[in-house]
Structures are given as C-alpha cells and as structure tokens.
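Peer 1: For what it's worth, UniProt numbering labels the leading residue of the sequence shown as 1, then goes sequentially.
Even for Gly, the Cβ is constructed at its ideal location relative to N, Cα and C.
All values reported here derive from a predicted model rather than from experimental measurement.
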Amino acid sequence: MEEYSIAAQVWKLSSCDMCELARNSVLMSGFSHEMKSYWLGPNYIKEGQESNDIRRSNVPDIRVAYRYETMCEELNLITQAIRTDELETIEEEGALCMGAVHAEK
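1) Ignore the nearest five residues each way along the sequence and tell me which others in M18's own chain have a CB closer than 7 Å to its CB.
2) Can you tell me where the alpha helix (DSSP H) with V10 in it begins and where it stops?
3) Have a look at V26 and T79 and give me their C-alpha separation to the nearest angstrom.
4) Can you give me the C-alpha to C-alpha distance between K12 and E88, rounded to a whole angstrom?
5) Which same chain residues end up closer than 8 Å to R63 when comparing Cβ atoms and leaving out the 5 residues on each side of it in sequence?
6) Apart from the five residues on each side of it in sequence, which residues of its chain come closer than 8 Å, Cβ to Cβ, to Q49?
7) Starting from the C-beta of N52, find all residues in its chain whose C-beta is less than 7 Å away, skip the five residues before and the five after it, and write them out in chain order.
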C-alpha cells in the first residue's frame with residue numbers, strides 16, 4: 001500500500017487512476033482465479049469492458065473500453081509492421097533468386 005500512496009503523490013494520480021492501477025495489479029498478480037473473481041467479479045477474465053464490474057473495481061467502463069481498444073489498435077499496428085517486413089523479405093529473396101536464375105542462363 002505504501003508504494004501506491006507514494007506513486008499517487010509523485011505522479012499526482014487521481015482516485016480513478018489509483019483504482020485502475022489496483023485493478024490491473026490484481027489482474028497481473030499470481031493470485032488464484034477464485035481470489036481474482038472475488039475481488040474483481042466473475043467476468044474479470046473476459047476482454048474489454050465486459051470484464052469490468054464497476055461496483056468492485058470503481059473503474060468506469062469507458063476507461064476500460066478505451067484501454068482495450070487502444071491495446072487492440074497497437075497490436076494491429078505491430079501485426080501490420082511484421083507482415084510488411086515479411087513481404088519485403090520475401091520480395092528481396094525472390095529478386096535474389098530471379099537474379100541467380102538469369103545469371104545461370
């Protein structure tokens with residue numbers, strides 16, 4: 001608890017920020033499914049705002065939805081970058097192979 005109060009003072013976190021921080025700490029913790037379900041609600045394992053029980057977490061659904069949508073967009077950007085890089089590698093290898101075929105003739 002001391003770490004949370006220090007973080008709140010240093011970074012001027014609101015009570016909503018602190019609730020989100022506590023919720024995320026429970027989600028990432030090594031506590032059992034039963035404990036997480038008790039603290040966060042039975043749907044905590046779902047994705048997006050479906051996972052949030054505002055009566056238990058005190059985190060607004062819109063905040064959970066925003067975090068989830070942002071994460072999905074960032075994962076999509078990473079996936080696109082990897083696919084683009086793979087396509088460029090395939091095109092480069094194809095050009096090298098074609099060059100070798102033409103050189104043999």
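Peer 2: Looking at the atomic coordinates:
1) What you label residue 18 is simply residue 18 of the sequence shown in a count that begins at 1. Same-chain partners within the cutoff: Y4, A8.
2) As a position in the sequence shown, residue 10 is number 10, starting the count at 1. First-last of the alpha helix (DSSP H) with V10: 2 to 10.
3) Translated into positions along the sequence shown, residue 26 becomes position 26. Translated into positions along the sequence shown, residue 79 becomes position 79. One alpha carbon belongs to V26, the other to T79, and they sit about 28 Å apart.
4) One-based indexing of the sequence shown puts residue 12 at position 12. One-based indexing of the sequence shown puts residue 88 at position 88. Answer to the nearest angstrom: the Cα atoms are 45 Å apart.
5) Your numbering for residue 63 matches position 63 in the sequence shown. Within the same chain, R63 has close Cβ partners C16, E20.
6) As a working mapping, residue 49 is identified with position 49 in the sequence shown. If we look at Q49 and ignore the five residues flanking it on each side, its Cβ neighbours are D61, I62, V64, A65, Y68.
7) Indexing the sequence shown from 1 puts residue 52 at position 52. Apart from sequence neighbours up to five positions away, the residues of its chain that approach N52 with a beta-carbon distance below 7 Å are V59, D61, V64, ordered along the chain.
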